[in-house]
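Notes for the one structure printed next.
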Amino acid sequence: MTAFKDPFDARHRLTPGCSCGRHASQAEHAADPASADDRSKRVVESAVMRALFPQDATRRAFLAAVGAGTAIAAVNALFPLATATEVFAQGLPVEKKDLKVGFIPITCATPIIMAKPMGFYEKQGLNVEVVKTAGWAVIRDKAINKEYDAAHMLSPMPLAISMGVGSNPIPWTMPAVENINGQAITLAVKHKDKRDPKDWKGMKFAVPFDYSMHNYLLRYYLAEAGIDPDRDVQIRAVPPPEMVANLRADNIDGFLAPDPVNQRAVYDGVGFIHLLSKEIWDGHPCCAFSASKQFVTEMPGTYQALLKAIIEATAFAQKPENRKQIAEAIAPTNYLNQPQTVVEQVLTGTFADGLGKVMKDPNRIAFDPFPYESFAVWILTQMKRWGQIKGDVDYQKVAKDVFLATDATKLMAEAGLTAPTATTKTFSVMGKPFDPAKPAEYVESFAIKRT
């Protein structure tokens, strides 16, 4: 990591040792958003200085004698550093252009899907096949088996894969959130008079996957009403494309599901929207763009190009004026396979609730790619709360290893988005504040839990 040190600082060595010299550890360096902005510059400058001064002692003596300002001017006269840095920053060469990216046909995957028909992948020199996939277990297995180069995943899945929860431990990454909000609790029409969750004992619910925000948000909502999600109701995993059919067949009483599943239940007259997930936690993450750590490290150019395409698509999707155009692009059979009006209702936030009302909420679904590490910590607390992970958990380390906030910061700026200045933030879930610095205390604070 010596390439990231300031070569015009006589205090720094350009031989192996510490990193840029401004952080106590490499972990701190990686977590610092500012580090991503000057890496290209440091790499170029260090390469030039090593070429001019093969002996590090000579370089340091020269800098001590003339000062950094004079040295930079002298080197620039011989080799324009700004031009070299700009060329370097254009990106690494793409190692593999033909890629397969798996997705589940839901609106949470909007940036990944729309990037194909709307040309975002091609803009980065990639030929991406987006592959519609039946369920989350299939997505996970195909990604692990390298049938997919990258995948649309639920945001808890990269954490579970990395920790070996539900599968063998494999280092996995989540460099971008696909969407925030965008889910709902939908009940069968026959339950239109059961609006108090305290009356839901004995009911059967579906969620898309055990390791999903849907599972954790539904459990949270039920537990806050005094309903034990493991003892008072049944919760089972059902692939999103099968949820409406199961509701119609009376196999389940309701679900906390991604859209457009909720809106399709309303469209078909078999369900009504009890509440949007943003009413539980406004701004919660849901789905994500993910890839193995091996893909990220062995194909950095391809990874950078793919992530940049996703983030640029996300920036486009976030603008309300683009939502109808996006609905037209992703509604067809090879993508969501939904009536365009159903997709439009979700993306625009003007929708029928199934009880005779037209609701308006422009933030029903939103698109913000930044993978806050505090999101990961909250997810880990719920995995711990419900007994999915045992023993001690190094919440902060797992969050930093999997949610690649630094990578997102740089590419968000290039896409015209404003990246946060910190990788963590506090928030509230159903009015209860969450402090990411105190995850263990948070888990212990709940009356209903499995720990």
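In this text, residue positions in the sequence shown follow my numbering: the first is 65, and each later residue adds one.
Ideal Cβ positions, reconstructed from N, Cα and C, are used throughout, including at glycine.
Cβ distance (whole Å) where residue i is taken to contact residue j below 8 angstroms
i, j, result
"P169", "K196", "6 angstroms"
"A379", "S219", "With a Cβ gap of about 19 angstroms, A379 and S219 do not count as contacting."
"D471", "L371", "7 angstroms"
"L419", "R387", "Actually they do not touch by this definition, with Cβ atoms about 24 angstroms apart."
"M227", "P233", "6 angstroms"
"A377", "P175", "4 angstroms"
"I375", "A479", "5 angstroms"
"K210", "V192", "Not a contact, Cβ separation roughly 16 angstroms."
"K474", "S438", "With 8 angstroms as the limit, K474 and S438 do not qualify as a contact, their Cβ atoms being about 20 angstroms apart."
"F126", "A135", "7 angstroms"
"A329", "V360", "About 38 angstroms; that fails the 8 angstroms criterion."
Sub-8 angstroms separation of residue i and residue j beta-carbons
i, j, result
"I19", "Y285", "Residue 19 is absent from the structure shown; the chain starts at 65 and stops at 515."
"A469", "Y436", "yes"
"A321", "P272", "yes"
"G318", "L251", "yes"
"Y459", "P503", "yes"
"L339", "I429", "no"
"A381", "F415", "no"
"A270", "R295", "no"
"R283", "W450", "yes"
"A355", "A214", "yes"
"P305", "Q402", "no"
"Q247", "C350", "yes"
"V165", "V202", "no"
"V241", "F498", "no"
"K160", "M423", "no"
"V130", "G365", "no"
"V297", "M277", "no"
"P303", "G199", "yes"
"A287", "I443", "no"
"V253", "F167", "no"
"A369", "L481", "no"
Helix, strand or coil at residue i according to DSSP, with G and I counted as helix
i, result
"D263", "helix"
"C351", "strand"
"V192", "strand"
"I512", "coil"
"I203", "helix"
"Q247", "strand"
"K160", "coil"
"F439", "helix"
"K424", "strand"
"A128", "helix"
"A252", "strand"
"V410", "helix"
Opposing strand residues paired with residue i [DSSP bridges]
i, result
"Q298", "K268"
"F431", "DSSP lists no partner for F431."
"V241", "A352"
"G166", "V195, A215"
"F415", "M423"
TODO: Note down, one range per segment and in chain order, each beta strand (DSSP E) of at least 3 residues found wholly within the stretch 441-503.
DONE: 491-493, 496-498
TODO: Please list the segments of the beta strand (DSSP E) lying wholly inside the stretch 308-386, counting only runs of 3 or more residues, in order along the chain.
DONE: 318-322, 335-340, 351-356
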